[in-house]
Amino acid sequence: MRLFDTHCHLDFDCFSTEFEQHLYTARQQAVERIVLPAIGPSNWTKITTLAQQHSGLYYGLGMHPLFLNNASERHFTELRLLLERQDGLCVAVGECGLDAVIEVDMDLQERIFVQQVDIATEFKLPLILHSRKTHNRLLQLLKQKQFKYGGILHGFSGSYQQAMQFIECGFYIGVGGVITYPRANKTRQAIAQLPVEHLVLETDAPDMPLNGHQGKANHPKMIGQILACLASLKGLPEQTIAEIVWKNSNFVFSICE
Ligand SMILES: [Zn+2]
Numbered sequence: 163m164r165l166f167d168t169h170c171h172l173d174f175d176c177f178s179t180e181f182e183q184h185l186y187t188a189r190q191q192a193v194e195r196i197v198l199p200a201i202g203p204s205n206w207t208k209i210t211t212l213a214q215q216h217s218g219l220y221y222g223l224g225m226h227p228l229f230l231n232n233a234s235e236r237h238f239t240e241l242r243l244l245l246e247r248q249d250g251l252c253v254a255v256g257e258c259g260l261d262a263v264i265e266v267d268m269d270l271q272e273r274i275f276v277q278q279v280d281i282a283t284e285f286k287l288p289l290i291l292h293s294r295k296t297h298n299r300l301l302q303l304l305k306q307k308q309f310k311y312g313g314i315l316h317g318f319s320g321s322y323q324q325a326m327q328f329i330e331c332g333f334y335i336g337v338g339g340v341i342t343y344p345r346a347n348k349t350r351q352a353i354a355q356l357p358v359e360h361l362v363l364e365t366d367a368p369d370m371p372l373n374g375h376q377g378k379a380n381h382p383k384m385i386g387q388i389l390a391c392l393a394s395l396k397g398l399p400e401q402t403i404a405e406i407v408w409k410n411s412n413f414v415f416s417i418c419e
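If you're matching positions, the sequence shown starts at 163 in our numbering and goes up one per residue.
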């Protein structure tokens, strides 16, 4: 079995001291490929370097809505320069999106998001989307921009109808630890009904610990447990789902299998 963690912040400080060991532990659990999403200019260099130094690691470049305090035109110039380098390992723009739960001004969030949609179009790259209580607005903006390079709606939580609207816009649904919580009823039901052909797996480590692991740092090695939970929700063998989501993950990021 080959597993793909499509969203993991392996560059965060908590993994730094024993980085090689963490990567090894993940690989021991069949996690062969991992995408490191950017949060903003502060980690662009680090994720680029990590991916260039370790096989199986890829990255996305962009600005997460939570970290926009100093966002400026200069950063978009820098982003374009980095994307022009084409090292073959930058597979997406993101993570980017909107978040209605944080205190960051929504006009600013939208402005920065839309600029990233334009950059993704310019470089023909998919988007790694972050969305909290903003699904409808994000869909509106993507449609206004006629964005057609797809991507992943990461850490999905919401209804079947909401997920289907993103799928219709060419997005895959990022299934993470949230489905391991019995109280996440709506999301579990949505995922159970969604076609596996439009799903990918992610840990969002060190965030989003699985049920039973609250308070601990999440880890890419946990992908197998999310897969097991997804398999039981869908009533399909783990191996079957693993093969489909492996294919989906490589396809969305245009990575050769
Ligand atoms: Zn994230």
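Using N, Cα and C, we set each Cβ at its ideal position, and we do this for glycine too.
No experiment lies behind these values; they were computed from the predicted model shown.
Assess, as a yes-or-no matter, whether the region 259-266 is touched by the region 192-211 under the definition of 3 or more beta carbon pairs within less than 8 Å.
Segments in contact, no.
May I ask whether a heavy atom of ligand 1 can be found less than 6 Å away from the beta carbon of D175?
False, no ligand heavy atom lies under 6 Å from that Cβ.
Limits of the alpha helix (DSSP H) - the one that L289 falls within
Where L289 is concerned, there is no enclosing alpha helix (DSSP H), although the beta strand (DSSP E) it sits in stretches over 289-294.
Over the uninterrupted alpha helix (DSSP H) stretch that includes Y311, give me the two end residues.
Where Y311 is concerned, there is no enclosing alpha helix (DSSP H), given that its DSSP letter is neither H nor E.
Counting C-beta neighbours from all protein chains within 10 Å, is the total for Q327 16 or more, i.e. buried, or is it exposed?
With 16 or more other Cβ atoms within 10 Å, it is buried.
For ligand 1, is there any heavy atom lying closer than 6 Å to the beta carbon of E235?
Checking every heavy atom of ligand 1 against the Cβ of E235, none is found closer than 6 Å.
Determine contact between the region 272-283 and the region 225-239, defined as no fewer than three beta-carbon pairs at a distance below 8 Å.
Three or more beta-carbon pairs drawn from the region 272-283 and the region 225-239 are found closer than 8 Å, and the two stretches are therefore classed as touching.
Check the C-beta distance from V362 over to S411 and give it rounded, since I have them as a contact under 8 Å.
Going by Cβ atoms, the distance from V362 to S411 rounds to 5 Å, so yes, they are a contact pair.
With DSSP collapsed to three states, give me the class of V266.
Coil at V266, not helix or strand.
How far does the alpha helix (DSSP H) with F238 in it extend, from its first residue to its last?
Segment 235-246, the alpha helix (DSSP H) holding F238.
Are the beta-carbon atoms belonging to T187 and K383 less than 7 Å from one another?
Yes. Within cutoff.
Three or more C-beta pairs under 8 Å: does that hold for the region 177-193 against the region 372-386?
Because the criterion of three Cβ pairs below 8 Å is met, the region 177-193 and the region 372-386 touch.
Beta strand (DSSP E) segments (min. 3 residues) lying fully within the region 313-395:
Counting only unbroken stretches of 3 or more residues, the beta strand (DSSP E) elements lying wholly within the region 313-395 are 313-315, 333-337, 361-363, in sequence order.
How would you write the range of the beta strand (DSSP E) that R195 sits in, first residue to last?
Looking at the DSSP string, the run of the beta strand (DSSP E) that includes R195 is 193-198.
Burial state of L241 (16 or more Cβ within 10 Å):
A residue is called buried when at least 16 other Cβ atoms come within 10 angstroms of its Cβ; L241 meets this threshold and is buried.
Between D173, F229, L230, which has its C-alpha nearest Q215's C-alpha?
If you compare the alpha carbons of D173, F229, L230 with that of Q215, the shortest gap goes to D173.
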